[in-house]
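Step one of this worksheet: look at the structure below.
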Amino acid sequence: TGEVSIDNEFYNVSVNKNGHIVIKWKKQNIELTQSFHYYEGMEGNNEEFKNRSSGAYIFRPRSSSVKNFMKPGSYKIYKGPLVQEIHQYVTDWVCQVVRIYSGKQYVEFDWLVGPIPVKDKIGKEIVTRYYSNLNTSGEFYTDSNGREMLKRKRDYRPTWNIELEEQVSGNYYPITSKISLKDNENQLKLSLLTDRAEGGTSMRDGEIEMMVHRRLLKDDAFGVGEALNESAFGEGLVIRGSHYIIGGSLKNLDELAVEEKTLARQLLLRPWPFIIPVETNSSRPY
Amino acid sequence: EKELEYFREAMGVMQHHDAVTGTEKQLVADDYARILYAGMQQGTNVSFQALRKWRSSGNSEFASENMYTCMQLNISMCLYTEDENFVLAIYNPLSQKVVSPIRVPVQQGKYSVVDLTDGNEIASQIVPIPESVQKIPGRRGNATDELVFFASLPPLGYKTYTVKRNSKNINQQP
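Protein chains in written order, with the working numbering: chain A, 14 to 299; chain B, 152 to 325.
Shown next as structure tokens:
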């Protein structure tokens, strides 16, 4: 009671007055703020380019600015010897657990989004933003099907001159398992690892934006013939997933790379638990 | 081999670009889920047989014991771990030693976790399952908390832990 933050040997994690999560690195000068937002999906008759709808194939927000969740929400903190957690409730349909384990060099965001309300007849695409103090000069790195990391530059294509008319979707890239930021001036690096393939970008220097859930009411006319409006038990889908934040100094690049790769391997090939029931009255030794 | 074949077929189907990107029709998505589920069930049987063989090599008594897996741990749901006592056999598919946090959904209470390799009790912790997770449509069961402990697992090997509920009604204070 009265606690406002959790911490381990690497991080201090707290909630600010806007209801955003703030992470401070204890050994490096990195600070990161995380928050949820959403885009409203474009709806049109698909007959002309400007009337294309956002759907299963294309992400096309109605506006390039995100919508915010109005109230700061509420949170509870649970502390123990192995793990410390912030349970945060952003709205009725967006919440998360932010978790740090003792001795583990990552922060876990275990988010739960849905069912996305569409009573207002507007499709919504939910994103989470991690905004850091890294100076990234418009560059970020995304993986390619879990293989090499490719350098991406905002509003840029390597083989032709481009002028993006739709800035947000034009800068979104597939993130199969990792997106990274580098600050060469201050020798800092920040990476986000996913538990599934998602879309992501860096719309501002120092920021990572990840799309976690979408519910759209109109087909985008690229072939599927259905709106991306999945439901279960008569409601929109509820999605639960995780992001893992890890970062540090580029001066210890080898050490950081080992930490990142070890975490990536452990997320991809997690331990498999099998359960063997035990009869309470059994005299058999376990 | 036959059971693995189901898994191979499922993975073959899932390589279609619609399955990879999620642009299939909803009925097709449901069918993919059905195929993948059946494949995973068959794969799980193979794992059970392997683990049973391993466990019974030292003691034939274990050869016939039942083993279960929980495919809904992603929503913190597992009916088998809601019992007062159970054994967890945890396999590490990595070729290196890992110390990994393990989370299993349990009912409210105080638990002890014993590493069967040396018989020592290891540190564990109970954290509540958020209400929003407990309210996920279709989620059943009585698990209100998650039992957390660190499993220290050998490369490409397994370890067993016994979990025992010592008392009920321990309230988690935020």
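Beta carbons: idealized from backbone N, C-alpha and C, even for Gly.
These numbers come from a predicted model, not from an experiment.
Who are the Cβ neighbours of residue i in its own chain at under 6 Å, not counting the five residues just before and after it?
i: Thr-104/A; result: Phe-82
i: Glu-235/B; result: Arg-316
i: Glu-161/A; result: none
i: Asn-184/A; result: Arg-167 and Thr-214
i: Leu-263/A; result: Gln-200 and Lys-202
i: Val-284/B; result: Ser-227
Since residue i and residue j should fall inside the 8 Å C-beta cutoff, what is the C-beta to C-beta distance between them, to a whole number of angstroms?
i: Ile-192/A; j: Thr-155/A; result: 5 Å
i: Tyr-143/A; j: Ile-221/A; result: 5 Å
i: Met-165/B; j: Tyr-188/B; result: Incorrect: roughly 12 Å between the Cβ atoms, too far for contact.
i: Gly-251/A; j: Leu-125/A; result: A small fix is needed here, since residue 251/A is Val in this sequence, not Gly. 7 Å between Cβ atoms; contact.
i: Leu-239/B; j: Val-255/B; result: 7 Å
i: Ile-289/A; j: Glu-216/B; result: 6 Å
Check for me: the alpha helix (DSSP H) holding residue i runs from which residue to which?
i: Trp-205/B; result: 177-207
i: Glu-56/A; result: Premise fails: Glu-56/A is in no alpha helix (DSSP H) and is neither H nor E.
i: Glu-154/B; result: 153-164
i: Ile-271/A; result: In the sequence on display, residue 271/A carries Val and not Ile. Element bounds for Val-271/A: 266-281.
Run through DSSP, which three-state label would residue i get?
i: Asp-169/B; result: helix
i: Ala-240/B; result: strand
i: Gln-324/B; result: coil
i: Gly-151/A; result: coil
i: Phe-300/B; result: strand
i: Leu-203/A; result: strand
i: Tyr-309/B; result: strand
i: Arg-209/A; result: coil
i: Gln-180/A; result: helix
i: Thr-232/B; result: helix
i: Val-35/A; result: strand
i: Gln-285/B; result: helix
i: Leu-45/A; result: strand
i: Lys-132/A; result: coil
i: Ile-252/A; result: strand
i: Leu-125/A; result: strand
i: Lys-80/A; result: strand
Suppose the cutoff is 7 Å on Cβ atoms and the five residues either side in sequence are ignored; what does the same chain contact list for residue i look like?
i: Glu-272/A; result: Gln-118 and Ile-259
i: His-267/B; result: The amino acid occupying residue 267/B in the given sequence is Leu; His does not appear at that position. Taken in chain order, the residues that qualify are Thr-311, Tyr-312 and Thr-313.
i: Ser-18/A; result: Asn-25, Val-26 and Ser-27
i: Glu-211/A; result: Ile-188, Met-223, Met-224 and Val-225
Can you find the residues in the same chain that come closer than 8 Å, C-beta to C-beta, to residue i, ignoring five residues on each side of it along the sequence?
i: Ile-241/B; result: Ile-253, Ala-302, Leu-304, Tyr-309, Lys-310, Thr-311 and Tyr-312
i: Met-222/B; result: Tyr-188 and Met-191
i: Val-140/A; result: Phe-49, His-50, Tyr-51, Tyr-52, Val-79, Glu-222, Met-223, Met-224 and Val-225
Which bits of chain E does residue i rub up against, with CB to CB less than 8 Å?
i: Ser-251/B; result: As a matter of chain content, chain E is missing from the structure shown, whose protein chains are A and B.
I'd like the span of the beta strand (DSSP E) that includes residue i, first residue to last.
i: Tyr-144/A; result: 137-145
i: Asp-196/A; result: 191-196
i: Leu-163/A; result: 162-166
i: Lys-92/A; result: 87-92
Inset, instruction - Determine, using beta-carbon pairs with one atom in the stretch 56-70 of chain A and one in the stretch 125-132 of chain A, whether at least three such pairs fall under 8 Å. - result: no
Legend entry - At least three beta-carbon pairs within less than 8 Å, the stretch 200-212 of chain A to the stretch 31-44 of chain A: yes
Inset, instruction - Would you check if there are 3 or more beta carbon pairs closer than 8 Å linking the stretch 189-201 of chain B to the stretch 223-235 of chain B? - result: no
Legend entry - Inter-stretch contact (C-beta, 8 Å, three-pair minimum) for the stretch 66-83 of chain A and the stretch 228-238 of chain A: yes
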